[in-house]
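Chains as they are written, first to last, in our numbering: chain A, 88 to 384; chain B, 3 to 247.
Quick reminder that beta carbons are idealized off the backbone N, C-alpha and C, glycines included.
Working notes, beginning with the structure itself.
Below is the structure:
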């Protein structure tokens, strides 16, 4: 409801500004018509009206931008509150349970496992938030020529270990290519981009993980990660890279996330002159996320 | 044994709550989203005595679940869990018909105590003895009835008996009416209602109370638009008059 009323407010103020601008322009024209014989007044009038109109335009732009920023901040708070508070609530619940009740050995180990996974989730959110904040101020991190094939292999190995996956369910395909798949960039940032895409693919795959990663290099080096998970609706293919954007779908709501992962991925790709995009044949039919980076010569 | 339904989409939280409620000697079930919760709760003979309900659920949210329950005349006590804990959320919950709330992260002991409070009322209402509730000493709360102008408020069963019908109140409606009756003839400010009935200590938009008053007026006034018992004191709050002249 609040979003709708805010939309209305934006619409109202934009209409108001356009009306005032139209009025100013009309006055300006009338001034020109009325005073076209007197050169001095004419020029003076045009300058003053010009200032007024420019001021109005700037003001409107500023207003709209501020409202947008405010909206973003709201959805950020909403997402982050949930993503931070839920694991904390869970960890506290289990700690208080252990503190106040008799818990048998097996049960206790299960509780430890749950708490560890919740603290992982917490750490993940915190890292995402910090990372996204860092990306805004482009820091001068060490840039290097990175062998993408090796890096992708490392990331895959790590993901397999972390999620206990077999080589078949998360496999790598290296396309034959002229030259090495090398790019210029910070190795850790590139790693984080690849890992984010992999984590997403695993997260949205559900029970049966079947992910294929393709590495190919021509003018660009591209890493394509294809999953057979819940997919992305056509209308959301571009949106998913926006900060804090999450597809509003029941299946998606079951999977937890801060809405920052793909934003980070694309920011990193763009930082090194590349890009990232998503393809999907629709909900339920899997998605392919591609990271494209210029090949280092 | 009392049966509690936990409506929570976070699996860890749901399982942790279930473990604790079972350790308290309660039977606990889990519903992962609003649809499943409604499927379990809407049948009249569901056998569920209380609900722990998360607000942020996939699909239909917690507020919507409660609204639908109350519309279907299901008055099972509901304890709401909110992640944000903002007064707007809490008040919206009460407006929808929630009986009590806790914000996340909550204290386990408090959650259990509040849940027991709700169960106690429910058991009184169904005429069972509250002896199964080990943690609560018997008789901590007196059975209370208030009579005014031919109407009887029975706090034990949460019923409002009128001349020719009986209205089932939610816990919070009953608490608000009791608070007003106890302060009969005095002006009760909105702020004091928020503090004493809802336990909210924030400056907040108090229109949710007005909605409650509107509902109560519909129950107890002959002409709700021209109240005789529940009077508005402009700019301050409300006043309850038992015997209007």
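Just reading off the beta strand (DSSP E) that residue i is part of, what are its end residues?
| i | result |
| --- | --- |
| residue 82(B) | 80–84 |
| residue 381(A) | 374–381 |
| residue 65(B) | Counting along the chain, residue 65(B) falls outside any beta strand (DSSP E), though it belongs to the alpha helix (DSSP H) covering 64–73. |
| residue 198(B) | Element bounds for residue 198(B): not the beta strand (DSSP E) but the alpha helix (DSSP H), 192–198. |
| residue 93(B) | No beta strand (DSSP E) holds residue 93(B); the alpha helix (DSSP H) holding it covers 89–98. |
| residue 177(B) | Where residue 177(B) is concerned, there is no enclosing beta strand (DSSP E), although the alpha helix (DSSP H) it sits in stretches over 173–184. |
| residue 303(A) | 298–304 |
| residue 384(A) | Segment: none, residue 384(A) is in no beta strand (DSSP E) and carries neither H nor E. |
| residue 76(B) | From DSSP, residue 76(B) is part of no beta strand (DSSP E); its letter is neither H nor E. |
| residue 108(B) | First-last for residue 108(B): undefined, no H or E at that position. |
| residue 190(A) | Unbroken run through residue 190(A): none, as it is neither H nor E. |
| residue 5(B) | 5–9 |
| residue 239(B) | 239–242 |
| residue 324(A) | Run containing residue 324(A): none; DSSP gives neither H nor E here. |
| residue 342(A) | Careful: residue 342(A) lies outside any beta strand (DSSP E) and carries neither H nor E. |
Applying the criterion that 16 or more other CB atoms from any shown protein chain within 10 Å of the CB defines a buried residue, is residue i buried or exposed?
| i | result |
| --- | --- |
| residue 294(A) | exposed |
| residue 323(A) | buried |
| residue 216(B) | exposed |
| residue 76(B) | buried |
| residue 58(B) | buried |
| residue 130(B) | Bear in mind that the predicted position of residue 130(B) carries a pLDDT of just 44, short of 50, making it unreliable; the figure below should be weighed with that in mind. With fewer than 16 other Cβ atoms within 10 Å, it is exposed. |
| residue 291(A) | buried |
| residue 49(B) | exposed |
| residue 102(A) | exposed |
| residue 174(B) | buried |
| residue 99(A) | exposed |
| residue 334(A) | buried |
| residue 133(B) | With a pLDDT of only 39 at residue 133(B), under 50, the local geometry of the prediction cannot be trusted, and the value read off the model is given with reservation. The residue in question, residue 133(B), is exposed, as its Cβ has fewer than 16 Cβ neighbours within 10 Å. |
| residue 197(B) | exposed |
| residue 199(A) | exposed |
| residue 107(B) | buried |
| residue 316(A) | buried |
| residue 192(A) | exposed |
Within the continuous alpha helix (DSSP H) that includes residue i, where are the two ends?
| i | result |
| --- | --- |
| residue 124(A) | It is not in any alpha helix (DSSP H) - residue 124(A) carries neither H nor E in the DSSP assignment. |
| residue 274(A) | 274–290 |
| residue 230(A) | That residue, residue 230(A), is in no alpha helix (DSSP H); it is neither H nor E in DSSP. |
| residue 20(B) | 13–25 |
| residue 243(A) | 235–250 |
For residue i, does the three-state DSSP call read helix, strand or coil?
| i | result |
| --- | --- |
| residue 162(B) | strand |
| residue 215(B) | helix |
| residue 318(A) | coil |
| residue 48(B) | coil |
| residue 335(A) | coil |
| residue 34(B) | coil |
| residue 181(A) | helix |
| residue 362(A) | strand |
| residue 159(A) | helix |
| residue 139(A) | helix |
| residue 59(B) | coil |
| residue 149(B) | strand |
| residue 254(A) | coil |
| residue 187(B) | coil |
| residue 214(A) | helix |
| residue 247(B) | coil |
| residue 225(B) | coil |
| residue 353(A) | helix |
| residue 29(B) | strand |
| residue 220(B) | helix |
| residue 155(B) | strand |
| residue 330(A) | coil |
| residue 204(A) | helix |
| residue 259(A) | strand |
| residue 347(A) | coil |
| residue 437(A) | Here chain A has residues from 88 to 384 only, and residue 437(A) is not among them. |
| residue 132(B) | With a pLDDT of only 40 at residue 132(B), under the threshold of 50, the placement of this residue in the model should not be trusted; the figure read from the coordinates follows. Residue 132(B): helix per DSSP, three-state reduction. |
| residue 230(B) | coil |
Are there any heavy atoms of the ligand SAM lying less than 7 angstroms away from the beta-carbon of residue i, as far as the coordinates show?
| i | result |
| --- | --- |
| residue 245(B) | For the ligand SAM, the structure offers nothing, since it holds no ligand at all. |
How many whole angstroms separate the CB atoms of residue i and residue j, which I take to be in contact at a CB cut-off of 8 angstroms?
| i | j | result |
| --- | --- | --- |
| residue 239(A) | residue 300(A) | 6 angstroms |
| residue 302(A) | residue 235(A) | 6 angstroms |
| residue 114(B) | residue 100(B) | Residue 114(B) to residue 100(B), Cβ: 18 angstroms. No contact. |
| residue 55(B) | residue 83(B) | 7 angstroms |
| residue 176(B) | residue 157(B) | 6 angstroms |
| residue 40(B) | residue 67(B) | 6 angstroms |
| residue 214(B) | residue 183(B) | Actually they are not in contact, since the Cβ atoms of residue 214(B) and residue 183(B) sit about 14 angstroms apart, beyond 8 angstroms. |
Positions along the stretch 20–43 of chain B whose CB lies within less than 7 angstroms of some CB in chain A: 21, 22 and 25
Anything in the stretch 85–104 of chain B with a Cβ closer than 7 angstroms to a Cβ of chain A? List those residues in chain order, please. 85 and 86
Any residues in the stretch 191–222 of chain A with a beta carbon nearer than 7 angstroms to a beta carbon of chain B? Which ones, in chain order? 201 and 205
Listed in chain order, which residues of the stretch 153–171 of chain A have Cβ atoms closer than 7 angstroms to some Cβ of chain B? For the stretch 153–171 of chain A, which is checked against every Cβ of chain B, the residues closer than 7 angstroms are 168 and 169.
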